[in-house]
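Residue numbers (our numbering): 61 to 499.
Glycine included, every Cβ here is placed at the ideal spot set by N, Cα and C.
What you are looking at is a predicted structure, and each value in this text was computed from that prediction instead of being measured.
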Amino acid sequence: MRISILLLFASFVFAACKDDDQPPMTEETRALVESLGSELTSLPVDPNVWTDGQLEFLDEYAGKKVVGLGEATHGTSEFFQAKHRILKYLAEKHGFKVFAIEADFGESLFINEAVMKSDKSQIESLMKNKMHFWTWKTSEVRDLLYWMCDYNVGKPMNEKLQYWGIDCQFNTYHPDQVWNVLSTSDITFGTFAQSVLNEVRNASANGFKDYSQATFDAYLKNVDALTDSIHKYETRITEHSSADQYEVTLQLARVIRQVSEVTYYSRKQTQSKNYRDIYMAENTEWIFQHLSSRKIVLWAHNYHISNYPISQTLGSNLATTYQDDYAKVGFLFSTGSFTAVTQEGDQFKGLTSQTIDTDPAPASLNDVMHKTGTPAFSVSMQKLTSHGEWASEFNKGIKYFQMGAVYNNSPQDYYGTFEPGFFDRLIYFDKSTSATQLR
């Protein structure tokens, strides 16, 4: 019976492709479509209606310390809504209490305060005025934060959901956040602290363009000295604020250094260290420890959450630290719209809704997924690679499509080689729609 159903499924897909005037599938592609069809879990196209029963495939991650959720674009509504639904499931069913995102560490402190207080009235204003990235200034992320506020109503502190940023690309808020604590803590190194923080503000605003390696190294020594001073005054700072505030202030000083290195070394084409991803992993680990080992749902791009050791990704660093306690779920799509910055040559033309209305590249992973005829589904990479034809295809280097914040209207430029170890599971939407920007 199982074989008959699969043959019927493959015949239907083959016929559908012929009806659409597409070239017939090769025997190799048909075998891939058939085995993928036997392993996928079909999902409704609208993630808002996903039931708990349909999400039981997530139960295998119940005991993980960190579950990474990716995205193939930074502007797809379905990806955002799906991650909202998954966070809700993991929070309610499996006790995940921390939501961490590829967003500025300092800005997240403002938003987390509102979330912890269940103050929905502040959320949209904070998103518009404090968030650095347009990617998260969407109605989908706002709705997720609203839900977190609602979830926290009436709950004790240790059961509330928290919102944290792990990124390290801006020093917009960090110097002031450090000084706000130090200035009320009866410290003796205030003049030195002000001097260092002023240099942080000025140098970061200018992208460290005037710094040589020698002057940058001297700058970092001053930042390290400030961090050491904060550590030495732990008791006094704690007495004037709290133990939690002391730990956050010390981490803010570390993030200042991270941002400085990410900014400075991004100008050097020969860098061999992926500073940003390494530090995003360190910040995730710090959050896990700071919040007494509360389990984390992590939101970032597919590239960042993937286990890709050659590129020293966030995911590969977390996999090294947590090993089997880190799970990663990638998201893919084939056609439709998404929000991205338009690129024409070396010029960037602004943020808009982009569209892909052509079929995926032949024989790509997206192409095989598209040919299943299933609008939305999830599939385990372990189960997929148990099929010989898929193991062979991965060994040959099957391609897949994903992009970030910029799009040049040439889909072929965004295909890379897929490795099954990148993710534990994939969630696929055949058609994407643009995330809704807050205005």
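Can you name the start and end residues of the alpha helix (DSSP H) that residue i belongs to?
i, result
"S168", "165-176"
"Y233", "Unbroken run through Y233: none, as it is neither H nor E."
"L118", "No alpha helix (DSSP H) contains L118, which DSSP labels as neither H nor E."
"V428", "425-431"
"G448", "448-456"
"Y368", "First-last for Y368: undefined, no H or E at that position."
"H300", "294-300"
"K180", "Per DSSP, K180 belongs to no alpha helix (DSSP H) and is neither H nor E."
If distances are taken between C-alpha atoms only, which option among the options comes closest to residue i?
i, options, result
"V428", "R90, P84, P83", "R90"
"A313", "G476, T287, S352, Y474", "T287"
"R336", "Y363, E87, A263, L351", "Y363"
"G135", "E120, E88, T402", "T402"
"N240", "Q305, F230, W196", "Q305"
"L310", "I338, I347, Y279", "I347"
"D277", "S264, E321, N258, S255", "E321"
"G405", "N468, D385, S446, I458", "N468"
"V216", "Y206, S178, Q237, T493", "Looking at the sequence provided, one finds Pro at residue 216 rather than Val. Ranking Y206, S178, Q237, T493 by Cα distance to P216 puts S178 first."
"A360", "T496, W196, Y475", "W196"
"S272", "D112, L358, Y325, I226", "Y325"
"R296", "N258, N334, I247", "I247"
"P28", "H144, V319, S492", "For residue 28 there is no data in the structure shown, the boundaries of the chain being 61 and 499."
"A253", "V213, I316, V389, E131", "I316"
"G464", "E162, E87, D112, F156", "E162"
"L129", "L118, F117, K143, E116", "K143"
"E173", "L150, R145, N212", "N212"
"S494", "F140, V93, P104", "F140"
"L205", "Q222, N218, F193", "Q222"
"S371", "E152, I338, S353", "I338"
"V256", "S245, Y279, V357, Q414", "Y279"
"I416", "D484, L242, G396", "G396"
Tell me which residue opens and which closes the beta strand (DSSP E) that residue i is part of.
i, result
"K491", "485-492"
"V389", "386-404"
"Q414", "407-416"
"Y475", "475-477"
"V126", "126-129"
"K459", "459-461"
For residue i, does the count of other Cβ atoms within 10 angstroms reach 16, so buried, or fall short, so exposed?
i, result
"Q462", "buried"
"F72", "Legend: pLDDT at F72 = 37, less than 50; position of this residue unreliable, value from coordinates given subsequently. F72 comes out exposed."
"H291", "exposed"
"R327", "exposed"
"W450", "buried"
"E138", "buried"
"M208", "buried"
"F408", "exposed"
"R499", "exposed"
"S452", "exposed"
"S181", "exposed"
"A122", "exposed"
"E299", "exposed"
"A75", "Summary for A75: the model assigns pLDDT 38, below 50, so the residue's position carries little reliability, and this model does not support an answer."
"K355", "buried"
"D473", "exposed"
"E120", "exposed"
"P83", "exposed"
"A274", "exposed"
"Q237", "buried"
"M61", "Low per-residue confidence applies at M61: pLDDT is 35, beneath 50, and the placement is therefore not dependable, though the value from the model is reported in the following sentence. M61 should be labelled exposed."
"A160", "buried"
"D384", "exposed"
"G267", "exposed"
"T344", "buried"
"S470", "exposed"
"F483", "buried"
"D106", "exposed"
"A132", "buried"
Can you name the residues that DSSP bridges to residue i?
i, result
"A436", "F489"
"Q497", "T198"
"A160", "W224, L358"
"S102", "F437"
"V308", "The partner list for V308 (beta bridge, DSSP) is empty, contrary to what the question assumes."
"T136", "S494"
"V466", "V401"
Flag residue i as yes when its Cβ comes closer than 6 Å to any non-hydrogen atom of the ligand SAM, and as no otherwise.
i, result
"M217", "Of the ligands one can find in the structure shown there are none, so the ligand SAM has no counterpart to examine."
In chain order, each alpha helix (DSSP H) run of at least 4 residues that lies wholly inside the region 205-284: List check, alpha helix (DSSP H) in window: 234-242, 250-265.
Contiguous alpha helix (DSSP H) assignments of at least 4 residues, all confined to the region 322-352: 335-350
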